[in-house]
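J.: If you scroll down you'll find the structure; I have some questions about it.
Number of protein chains: 2
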Amino acid sequence: MKIYIKQIKGGITAPKGFVSAGVHAGIKKSRLDMAILASAKPAVIAGVFTSNKVQGEHVKYCRRIIKSGVANAVVINSGCANACVGPQGAKDALEMASVSAEALTLPLGRKVPANTVYVCSTGTIGIKMPMDKIRKGIDLCAKSLSPANGDLTAKAIMTTDTKDKQVSIEIKAGGVNVRIAGIAKGAGMIEPNMATMLSFITTDANVSRSALDACLKEAVAESFNRISIDGDQSCNDTVFILANGASGSQTLSSAHKDWPVFVYAVKYVSLVLAKMIVTDGEGATKFVTVTAKNARNVQEAKKAVRAVANSLLVKTSWFGCDPNWGRIIDAVGYSGASMVTEKTDIYFDGRRVVKNGCRAADVSLEDIEKVYRQRSFEIVIDLKCGKATETVYTCDCSQEYVRINSEYMT
Amino acid sequence: MKIYIKQIKGGITAPKGFVSAGVHAGIKKSRLDMAILASAKPAVIAGVFTSNKVQGEHVKYCRRIIKSGVANAVVINSGCANACVGPQGAKDALEMASVSAEALTLPLGRKVPANTVYVCSTGTIGIKMPMDKIRKGIDLCAKSLSPANGDLTAKAIMTTDTKDKQVSIEIKAGGVNVRIAGIAKGAGMIEPNMATMLSFITTDANVSRSALDACLKEAVAESFNRISIDGDQSCNDTVFILANGASGSQTLSSAHKDWPVFVYAVKYVSLVLAKMIVTDGEGATKFVTVTAKNARNVQEAKKAVRAVANSLLVKTSWFGCDPNWGRIIDAVGYSGASMVTEKTDIYFDGRRVVKNGCRAADVSLEDIEKVYRQRSFEIVIDLKCGKATETVYTCDCSQEYVRINSEYMT
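Line order of the protein sequences matches chains A and W.
Residues 5 to 414 in this note's numbering are what the first sequence spells out, letter by letter.
Residues 5 to 414 in this note's numbering are what the second sequence spells out, letter by letter.
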């Protein structure tokens with residue numbers, strides 16, 4: 005199957021029928037800190053949330069209302085996580101939705117039920133929501149909603165991100181041109197099973213609710229759940245996809261011949277965003293793809309790649325271009341995956357560097373250092389214990405990471 | 005039971021009948037890098053080794069010979085791990101033992117079987133042993149064995165340690181004064197289930213083999229397996245205890261009334277050394293005790309304390325005295341331990357800082373910062389889900405940690 009994906013401009017509002025805004029409400033000193041994404045017509049929505057037992061209030065609220073499958077808007081604040089603040093947190097999440105619903109009546113030209121407005125918060129845990137600023141931000145957003153605000157919206161959801169993360173594409177599906185776009189924020193607390201990560205995907209395709217749900221779960225498994233920056237899982241991770249049908253496409257679902265094309269495109273958007281998150285990891289200087297192959301089973305392959313990707317010793321050696329490859333096999337050794345040192349091979353960018361548990365005769369430490377000096381490289385660990393494969397996208401750990409996170413609140 | 009422990013001088017050779025040496029063999033540029041610890045009479049030995057599937061050659065060798073339960077000496081090199089080097093590694097470990105056995109004949113005044121000489125290696129993984137230097141080091145050590153070399157021996161096993169780690173004590177047991185002493189090296193790759201950690205404990209008590217074994221396992225579980233610096237488990241971790249009976253004590257075992265005193269003393273020595281390792285963790289500026297109480301079971305209590313102790317975000321916030329307490333509860337949330345945010349309490353140095361999942365009304369962020377500004381503090385997480393308790397000793401993560409480990413080999 006050859007799938008043609010066309011890159012287009014316009015960010016999150018590139019798909020028809022979406023408007024957005026990004027404003028400075030004063031939660032953060034000077035950077036943009038609130039955003040609204042809204043659909044002209046009610047959209048179908050699917051979501052995936054953090055697996056952390058500690059959950060931000062928006063996660064609890066959205067888990068409840070998403071059962072309806074209908075969304076008119078998403079309102080986002082960055083700077084305050086609204087997590088671990090006691091009973092007030094739930095009230096604040098609810099108020100954020102109802103104030104937004106009210107404010108959206110005029111720009112959308114129709115009455116918006118509060119329980120179709122999704123809220124997202126990201127930022128410091130344990131700080132109460134500055135509701136005056138939130139209300140002001142909602143008002144500013146509602147007044148500036150436009151299909152031309154993609155950049156501002158992408159910027160307004162950032163916390164320690166240094167770059168906004170956007171992608172928009174066009175495919176042919178369901179008889180018309182269909183657009184899919186996404187934005188994301190990441191930076192720290194990034195680990196498989198979602199992260200301090202928010203991502204919003206829009207499409208103007210017509211998609212059945214259950215199909216959209218299955219498609220998003222699959223896409224998240226292969227993208228956002230395959231990235232790791234520091235091994236910390238956040239309590240606020242959320243990914244939403246909204247499909248408003250404004251393209252006039254036939255209804256897409258697994259029964260439609262173009263379904264694989266649509267799923268492929270959503271996976272593409274998710275993976276591009278996930279990789280952008282890793283590349284912009286706090287203090288990161290390198291993008292590293294770690295794959296375990298021939299593991300006994302997928303669970304063990306995951307254990308192996310996560311142990312390597314989360315090993316501070318491995319990450320710091322990448323940062324310093326220190327050819328200390330032994331730390332990689334050491335991490336596999338304690339990962340819990342079945343392995344035998346004497347039959348483990350490790351490939352760096354396709355070249356076998358470790359053969360049967362020790363450095364290959366034709367590979368020098370300088371060769372390894374040369375690989376580490378690149379901005380991006382790939383490590384494949386061949387466990388020779390079975391047939392399962394798993395990949396994780398990660399980054400190095402620099403002194404800058406420590407600096408950022410030792411003075412986050414102060 | 006009141007147990008009187010007397011601190012004494014003399015380091016690892018404070019117990020009667022032990023001699024040692026620490027020399028510079030040239031494995032490292034200028035620092036001491038080889039040591040021998042020997043007993044005038046054959047000693048009873050017990051050992052605990054890394055649980056990593058990747059194992060240094062000394063671990064495989066010592067696991068084999070320790071079945072006899074007899075030891076005459078331990079020979080240690082620091083700088084080269086002798087791990088992941090192929091079949092030559094096993095030969096080098098064997099040769100290190102046999103050359104040492106030969107060299108010890110003269111100073112010990114008796115023939116020493118090679119399979120009663122234990123070897124330990126620590127340092128970079130994947131580098132072949134510089135056997136010329138090792139042989140030279142053994143020769144230098146054998147010529148300088150003395151009961152007065154405690155300091156040199158403690159220094160010679162160090163890698164990135166900034167301070168040597170020694171403790172020696174005297175107790176009354178088995179009818180006489182009995183001495184117990186220990187040295188250790190740690191610094192990086194430190195995580196429960198042992199670490200890039202070597203520790204040697206000597207005693208001049210008479211102890212039955214099986215009792216010594218049980219005593220060491222129990223002591224390690226409560227000390228070296230309760231520390232974590234960076235979450236990386238090394239492939240070379242080893243703890244040995246040698247009991248040579250030179251004090252003339254009655255034979256101690258679980259049947260003897262003084263057995264609890266002896267076990268208490270061994271635990272004391274192990275815990276002092278374990279805490280010294282954490283205090284001297286690579287780049288560490290703070291010593292932190294993390295306890296989970298009222299967990300559903302011990303396994304879950306361990307998961308909770310390890311998640312907190314290994315969270316890079318928690319560790320960097322400690323380093324920067326950033327009162328970001330939310331990162332602690334977030335880590336408990338993803339640890340896998342049963343917990344409910346709304347009933348979780350967290351105590352800092354005995355004061356309840358988090359009550360039912362949010363910051364207690366009478367505690368300010370400045371109060372938390374004040375705790376973090378100390379050189380040492382304690383965090384207790386009350387999960388209210390059961391009755392199990394577990395503790396881990398850990399440290400913060402500084403930019404210095406990243407610097408050290410990004411240029412370890414270079």
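Glycine included, every Cβ here is placed at the ideal spot set by N, Cα and C.
All of these numbers come straight from a predicted model, not from anything done at the bench.
(1) For Gly130/W, which residues from the same chain have a beta carbon less than 6 Å from its beta carbon, with the 5 sequence-adjacent residues on both sides left out?
(2) In chain order, what residues of the same chain have a beta carbon less than 8 Å from the beta carbon of Cys325/A, not counting five sequence neighbours either side?
(3) Can you list, in chain order, the stretches of the alpha helix (DSSP H) that have 4 or more residues and sit fully within the region 151 to 238 of chain W?
(4) Among Glu346/A, Ser368/A and Asp371/A, which one has its Cα closest to the Cα of Arg359/A?
(5) In whole angstroms, give me the CA-to-CA distance for Glu195/A and Ile205/W.
(6) Does chain W have any CB closer than 9 Å to the CB of Gly330/A?
(7) So is Ser380/A buried or exposed if we call it buried at 16+ other beta carbons inside 10 Å?
(8) Is it the case that the Cβ atoms of Ser342/A and Arg300/A are separated by a distance below 9 Å?
(9) Going along the region 339 to 356 of chain A in order, which residues come within less than 7 Å of chain B, judged by CB to CB distance?
(10) Inspect the CB distances between the region 52 to 59 of chain A and the region 131 to 139 of chain A and report whether three or more fall short of 8 Å.
(11) Could one say the Cβ of Val309/W lies closer than 9 Å to chain A's Cβ atoms, at least one of them?
(12) I'd like to know if the region 388 to 408 of chain W and the region 280 to 287 of chain W are in contact, where contact means that at least 3 CB-CB pairs between them fall below 8 Å.
(13) Are the beta-carbon atoms of Val243/W and Ser214/W separated by less than 9 Å?
(14) If we ignore side chains and look at the alpha-carbon of each, how far apart do Ile142/A and Leu216/A end up?
(15) Mind checking which residues open and close the beta strand (DSSP E) that includes Asn314/W?
(16) Which class does Val273/W belong to by DSSP, given the choice of helix, strand or coil?
(17) Spell out whether any CB of chain W is found under 9 Å from the CB atom of Thr164/A.
(18) Using a Cβ-Cβ cut-off of less than 8 Å, give me the residues of the region 35 to 66 of chain A that come near chain W, in sequence order.
(19) How long is the line joining the alpha carbons of Val211/A and Lys189/A, rounded to whole angstroms?
(20) I'd like to know whether the C-beta of Val336/W is nearer than 9 Å to at least one C-beta of chain A.
(21) Please classify Lys167/A: is it buried, with 16 or more other beta-carbons within 10 angstroms of its beta-carbon, or exposed?
(22) Using the three-state DSSP reduction, which class does Lys137/W fall into: helix, strand or coil?
(23) So the alpha helix (DSSP H) Ile372/A belongs to, where does it begin and stop?
(24) Helix, strand or coil for Pro46/A per DSSP?
(25) Would you mind giving the Cβ-Cβ distance between Pro151/A and Val23/A, rounded to the nearest angstrom? I have them listed as a contact below 8 Å.
(26) Check whether the region 34 to 49 of chain W touches the region 103 to 123 of chain W, counting contact only when three or more Cβ pairs, one atom from each stretch, lie closer than 8 Å.
(27) Does the beta carbon of Tyr405/A come closer than 9 Å to any beta carbon on chain W?
(28) Using the Cα positions of Thr414/A and Asp386/W, report the straight-line distance between them to the nearest angstrom.
(29) Considering just the uninterrupted stretch of the beta strand (DSSP E) at Gly83/A, what are its terminal residues?
(30) Quick one: is Gly113/W buried, meaning 16 or more other Cβ sit within 10 Å of its Cβ, or exposed?
(31) Whole angstroms are fine: how far does the CA of Tyr268/A sit from the CA of Ala261/A?
(32) In terms of residue numbering, what span does the beta strand (DSSP E) encompassing Glu382/W cover?
(33) Is there a Cβ of chain A sitting closer than 9 Å to that of Asn153/W, yes or no?
(34) Among Thr157/W, Ala44/W and Ala101/W, whose alpha-carbon lies nearest the alpha-carbon of Arg68/W?
(35) Is it buried or exposed, Ala259/W, if we count other Cβ atoms within 10 angstroms and call 16 or more buried?
(36) Report yes if the CB atom of Asn409/A is closer than 9 Å to the CB atom of Thr320/W, and no otherwise.
T.: Well, looking at it:
(1) Locating residue 130/W in the second sequence gives position 126, where the first residue counts as 1. Counting only Cβ-Cβ distances below 6 Å, and skipping sequence neighbours, we find Cys88.
(2) Translated into positions along the first sequence, residue 325/A becomes position 321. Hits under 8 Å: Glu373, Tyr376 and Arg377.
(3) Listed in chain order, they are 154 to 160 and 213 to 225.
(4) Position 355 of the first sequence, counted from the first residue, corresponds to residue 359/A. At residue 359/A the sequence reads Lys, which differs from the Arg that was named. It is Glu346/A.
(5) Here residue 195/A refers to the residue found at position 191 when the first sequence is read from its first residue. Here residue 205/W refers to the residue found at position 201 when the second sequence is read from its first residue. Here the model assigns Glu195/A a pLDDT of 46, short of 50, so the residue's position is not dependable, and the following value carries that caveat. Distance from the CA of Glu195/A to the CA of Ile205/W, rounded to the nearest whole angstrom, comes to 40 Å.
(6) Taking the first residue of the first sequence as 1, we reach residue 330/A at position 326. Answer yes: the Cβ-Cβ gap between Gly330/A and chain W drops below 9 Å somewhere.
(7) Position 376 of the first sequence, counted from the start, is the residue given in the question as residue 380/A. When all chains shown are included, Ser380/A counts as exposed.
(8) As a working note, residue 342/A is residue 338 in the first sequence. As a working note, residue 300/A is residue 296 in the first sequence. Contact: yes.
(9) Structure shown: chain B not included; protein chains present are A and W.
(10) No, they do not touch.
(11) If you number the second sequence from 1, residue 309/W lands on position 305. For Val309/W, the nearest beta carbon of chain A is not closer than 9 Å to its own beta carbon.
(12) For the pair of segments examined, the region 388 to 408 of chain W was found to touch the region 280 to 287 of chain W: the number of CB pairs separated by less than 8 Å reaches three.
(13) Reading the second sequence from its first residue, position 239 is the one you call residue 243/W. Reading the second sequence from its first residue, position 210 is the one you call residue 214/W. Remark: C-beta atoms of Val243/W and Ser214/W do not approach each other more closely than 9 Å.
(14) Reading the first sequence from its first residue, position 138 is the one you call residue 142/A. Reading the first sequence from its first residue, position 212 is the one you call residue 216/A. If I take the Cα positions, the gap works out to 28 Å.
(15) Mapped onto the second sequence, residue 314/W falls at position 310. Where Asn314/W is concerned, there is no enclosing beta strand (DSSP E), although the alpha helix (DSSP H) it sits in stretches over Val302 to Asn314.
(16) Sequence index remark: in the second sequence, residue 273/W carries index 269 (1-based). Here DSSP, grouped into helix, strand and coil, assigns Val273/W to helix.
(17) Position 160 of the first sequence, counted from the first residue, corresponds to residue 164/A. Using a CB distance cut-off of 9 Å, Thr164/A does not count as an interface residue toward chain W.
(18) Within the region 35 to 66 of chain A, the qualifying residues are Ser55, Asn56, Lys57, Val58 and Gln59.
(19) By one-based count along the first sequence, residue 211/A stands at place 207. By one-based count along the first sequence, residue 189/A stands at place 185. Within the model, the alpha-carbon separation for Val211/A versus Lys189/A is close to 25 Å.
(20) For the purposes of this step, residue 336/W is taken as residue 332 along the second sequence, with counting starting at 1. Residue-level contact by beta carbon holds for Val336/W and chain A, with a gap shorter than 9 Å.
(21) Indexing the first sequence from 1 puts residue 167/A at position 163. Lys167/A comes out exposed.
(22) For the purposes of this step, residue 137/W is taken as the residue at position 133 of the second sequence. Here Lys137/W sits in helix by DSSP.
(23) Taking the first sequence and counting its residues from 1, the one referred to as residue 372/A is at position 368. In this chain, the alpha helix (DSSP H) harbouring Ile372/A covers Leu369 to Tyr376.
(24) As a working mapping, residue 46/A is identified with position 42 in the first sequence. Looking at Pro46/A - three-state DSSP - the assignment turns out to be strand.
(25) As a working mapping, residue 151/A is identified with position 147 in the first sequence. As a working mapping, residue 23/A is identified with position 19 in the first sequence. Between Pro151/A and Val23/A, the beta carbon gap of about 5 Å places them in contact (Cβ cut-off 8 Å).
(26) Cβ pair count under 8 Å is three or more, so yes.
(27) The sequence position of residue 405/A within the first sequence is 401, counting from 1. For Tyr405/A, a Cβ of chain W is located within less than 9 Å of the residue's own Cβ.
(28) Taking the first residue of the first sequence as 1, we reach residue 414/A at position 410. Taking the first residue of the second sequence as 1, we reach residue 386/W at position 382. Annotation note: pLDDT 49 at Thr414/A (below 50); position unreliable, no value reported.
(29) Taking the first residue of the first sequence as position 1, residue 83/A is located at position 79. Where Gly83/A is concerned, the enclosing beta strand (DSSP E) stretches over Val74 to Cys84.
(30) Locating residue 113/W in the second sequence gives position 109, where the first residue counts as 1. Gly113/W is exposed by the Cβ-count criterion.
(31) Residue mapping note: residue 261/A aligns to position 257 of the first sequence, counting from 1. Residue mapping note: residue 268/A aligns to position 264 of the first sequence, counting from 1. Before going on, a small fix: residue 261/A reads as Lys here, not Ala. The alpha-carbon atoms of Lys261/A and Tyr268/A are separated by roughly 13 Å.
(32) On the second sequence, residue 382/W is found 378 positions in, with the first residue counted as 1. Counting along the chain, the unbroken beta strand (DSSP E) around Glu382/W starts and ends at Ser380 to Asp386.
(33) One-based indexing of the second sequence puts residue 153/W at position 149. Not closer than 9 Å to any Cβ of chain A, the Cβ of Asn153/W fails to qualify, so no.
(34) In the second sequence, the residue the question calls residue 68/W occupies position 64. Of the listed residues, the one whose Cα sits closest to Arg68/W is Ala101/W.
(35) As a working mapping, residue 259/W is identified with position 255 in the second sequence. Counting the other Cβ atoms within 10 Å of the Cβ of Ala259/W gives fewer than 16, which makes it exposed.
(36) As a first step, residue 409/A must be located in the first sequence, where it is residue number 405. As a first step, residue 320/W must be located in the second sequence, where it is residue number 316. A contact, by the Cβ cut-off of 9 Å.
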